[in-house]
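Accompanying notes for the structure given below.
Numbering (the working numbering), first residue to last: 37 to 421.
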């Protein structure tokens, strides 16, 4: 334990109380003087104070002026070549230098720079246009000036408007000197990622063909699906349960599955689909895949008639083809995933199932099914550069 005498304690206290010439305090006073000079319109004085702060105080451990403040002042002083060099060097090299520095006390300097620049934006843009810069650089600085004023704290210019201006600039100068800078630092557009997933719950109707029409009634079905999406492709994973009844007595070894008893049709499916149409209202996907088909008595009938426990038609491999039509619903999907590939949908699905019943004589036939379901598809959002 270190013991400090009362006399030494008083000395430290006095030193603290009288400590008034620190870099932080000088920076704070300099920024206030710069703010007052700017409000008065004394741009020459602003330039002098700026130069002093950057030369004497914007050192290794301290920030005297933030980069954004320096850039806004350069627009007012008309030092456009210095401004361009500063912008390019900052994003290429200087960004990391600011991460661990001591920041200035909170004040209104940046706010006043932005407010007055918004009020005088026409004049500032005219100064850029009348300069001796090349046309591409003039367009870039006008875009950057508007970007600096956009958003907080004024909210007079939206990011969408900035994106629109940036798109026009990039269209005019597609391989220009500032293309990469604009895409990475000014234009903030987002799009859906290539990967996504979806789910749905459905109900519907199934119709048998050929020999199956004499064995089982047509019936309704329920189920659920899970989709994995990549670009326009989808992997449809579905679990389908059909509800039907027998149309005649069917004799099996040791048991008779009697007429008009309940039937459960199971149809698990994995199909690969492709969206042949995908717009703001509709998505139409064709698909083909493989699955299985099985017809069994219900659990309750098996409990009453244990001899039915071994009764089952299938499981047999089945081939599937068909199409989905998704009607995109206008429900709000929230702000977390704001893209046109995230939405709720009403799904109409037609499928044609072809069981391979070689080992089940008398049960050859296929199935049509029609489903209506509701679900959602979700994709993440990524930067559109």
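From the three backbone atoms N, C-alpha and C, an ideal C-beta is built for every residue, glycine too.
Original post:
Which first and last residues belong to the alpha helix (DSSP H) in which residue 205 is found?
Top reply: Counted as a single uninterrupted DSSP element, the alpha helix (DSSP H) harbouring residue 205 occupies residues 195-208.
**OP:** Determine, using beta carbons only, whether residue 358 and residue 310 come nearer to each other than 8 Å.
**Re:** Result no, Cβ atoms of residue 358 and residue 310 do not sit closer than 8 Å.
**OP:** Could you pull the start and end residues of the beta strand (DSSP E) that residue 347 belongs to?
**Re:** No beta strand (DSSP E) holds residue 347; DSSP gives it neither H nor E.
Original post:
Name the DSSP bridge partner or partners of residue 275?
Top reply: According to DSSP, which records beta bridges pairwise, residue 275 is partnered with 260, 304.
Original post:
Cα separation between residue 206 and residue 160?
Top reply: Distance between the alpha carbons of residue 206 and residue 160: 22 Å.
Subject >> Among 194, 250, 335, 246, the one whose alpha carbon lies nearest that of residue 223 >> reply: Here the closest residue by C-alpha is 194.
Original post:
In chain order, what residues of the same chain have a beta carbon less than 8 Å from the beta carbon of residue 284, not counting five sequence neighbours either side?
Top reply: Cβ within range, chain order: 250, 251, 295.
Original post:
If we count the other Cβ atoms within 10 Å of its Cβ and call it buried at 16 or more, is residue 136 buried or exposed?
Top reply: With fewer than 16 Cβ atoms within 10 Å of its Cβ, residue 136 is classed as exposed.
Original post:
Between which two residues does the beta strand (DSSP E) containing residue 407 stretch?
Top reply: 403-419 is the span of the beta strand (DSSP E), which, as asked, contains residue 407.
Subject >> Beta-carbon spacing of residue 63, residue 112 below 8 Å >> reply: Result no, Cβ atoms of residue 63 and residue 112 do not sit closer than 8 Å.
Original post:
Where does residue 184 fall in DSSP's three states?
Top reply: Of the three classes helix, strand and coil, the one that applies to residue 184 here is helix, per DSSP.
Subject >> Complete runs of the alpha helix (DSSP H) confined to the region 93-176 [at least 4 residues] >> reply: Listed in chain order, the complete alpha helix (DSSP H) runs (minimum 4 residues) inside the region 93-176 are 103-113, 116-125, 145-155, 157-165.
Original post:
Taking buried to mean at least 16 other C-beta atoms within 10 Å of its own C-beta, is residue 66 buried or exposed?
Top reply: By the beta-carbon neighbour count (other beta carbons within 10 angstroms, threshold 16), residue 66 is buried.
Original post:
Which residue or residues does DSSP assign as beta-bridge partners of residue 393?
Top reply: The partner list for residue 393 (beta bridge, DSSP) is empty, contrary to what the question assumes.
**OP:** With DSSP collapsed to three states, give me the class of residue 38.
**Re:** The predicted position of residue 38 is uncertain, since its pLDDT is 48 and thus under 50; a value taken from the coordinates is nonetheless stated next. In this structure, DSSP gives residue 38 a state outside helix and strand, which the three-state scheme calls coil.
Original post:
Expressed to the nearest angstrom, what Euclidean distance is found between the alpha-carbon atoms of residue 109 and residue 417?
Top reply: Here the alpha carbons of residue 417 and residue 109 stand approximately 36 Å from one another.
Subject >> Beta-carbon gap between residue 226 and residue 419 smaller than 8 Å >> reply: Yes, Cβ-Cβ distance for residue 226 and residue 419 is below 8 Å.
**OP:** Would you mind giving the Cβ-Cβ distance between residue 74 and residue 233, rounded to the nearest angstrom? I have them listed as a contact below 8 Å.
**Re:** Contact doesn't hold; Cβ gap of about 53 Å is too wide.
Subject >> Same chain only: Cβ atoms within 6 Å of residue 256, ignoring 5 sequence neighbours per side >> reply: The beta carbon of residue 256 sits closer than 6 Å to those of 241, 279, all from its chain and outside the five residues before and after it, given in chain order.
Subject >> Contacting residues, own chain, Cβ-Cβ under 6 Å from residue 138 (five flanking each side not counted) >> reply: Closer than 6 Å at Cβ, skipping near neighbours: 97, 98.
Subject >> the region 174-192 in contact with the region 206-220 per 3-pair CB rule at 8 Å >> reply: Contact holds: three or more Cβ-Cβ distances are below 8 Å.
Original post:
By Cβ distance below 6 Å, which residues in the same chain neighbour residue 201 in space, the five residues on each side in sequence not counted?
Top reply: Hits under 6 Å: 179.
Subject >> residue 273 versus 83, 326, 322, 247, residue with shortest Cα-Cα distance >> reply: Selected option, being the one with the closest Cα: 326.
Original post:
How close, in whole Å, do the beta carbons of residue 209 and residue 172 come, if the pair is a contact with beta carbons under 8 Å?
Top reply: That pair is a contact at about 5 Å.
Subject >> Integer Cβ distance of residue 365 from residue 380, believed to fall under 8 Å >> reply: Confirmed, Cβ separation roughly 4 Å.
Original post:
Using the C-alpha atoms, what's the distance from residue 347 back to residue 286?
Top reply: A direct Cα-to-Cα measurement between residue 286 and residue 347 gives close to 10 Å.
Subject >> Own chain residues within Cβ distance below 6 Å of residue 391, not counting five before or after >> reply: Hits under 6 Å: 329, 352, 354.
Original post:
With 16 as the cutoff for other CB atoms within 10 Å, does residue 39 come out buried or exposed?
Top reply: Confidence in residue 39 is poor, its pLDDT being 49 and thus under 50, which makes the residue's placement unreliable; the coordinate value appears in the next sentence. Around the beta carbon of residue 39, fewer than 16 other beta carbons lie within 10 angstroms, which makes this residue exposed.
**OP:** Using alpha carbons as the reference points, say which of 86, 92, 258 lies closest to residue 104.
**Re:** In terms of CA proximity to residue 104, 86 leads the group 86, 92, 258.
Original post:
Any idea what DSSP makes of residue 216, helix, strand or coil?
Top reply: Helix at residue 216.
**OP:** Quick one: give me the first and last residue of the beta strand (DSSP E) that residue 244 is part of.
**Re:** Where residue 244 is concerned, the enclosing beta strand (DSSP E) stretches over 226-244.
Original post:
Between which two residues does the alpha helix (DSSP H) harbouring residue 66 extend?
Top reply: 59-76 is the span of the alpha helix (DSSP H), which, as asked, contains residue 66.
Original post:
Looking at residue 248 and residue 293, is the spacing between their C-beta atoms short of 8 Å?
Top reply: Not in contact: residue 293 and residue 248 (Cβ atoms no closer than 8 Å).
Original post:
Hey, how far is the Cα of residue 81 from the Cα of residue 140?
Top reply: Approximately 20 Å, taken between the alpha carbons.
Subject >> Pair within 8 Å by beta-carbon distance, residue 185 and residue 154 >> reply: One thing to note: residue 185 has its Cβ within 8 Å of the Cβ of residue 154.
Subject >> Contact set for residue 126: own chain, Cβ-Cβ below 8 Å, skip 5 residues either direction >> reply: The residues are 103.
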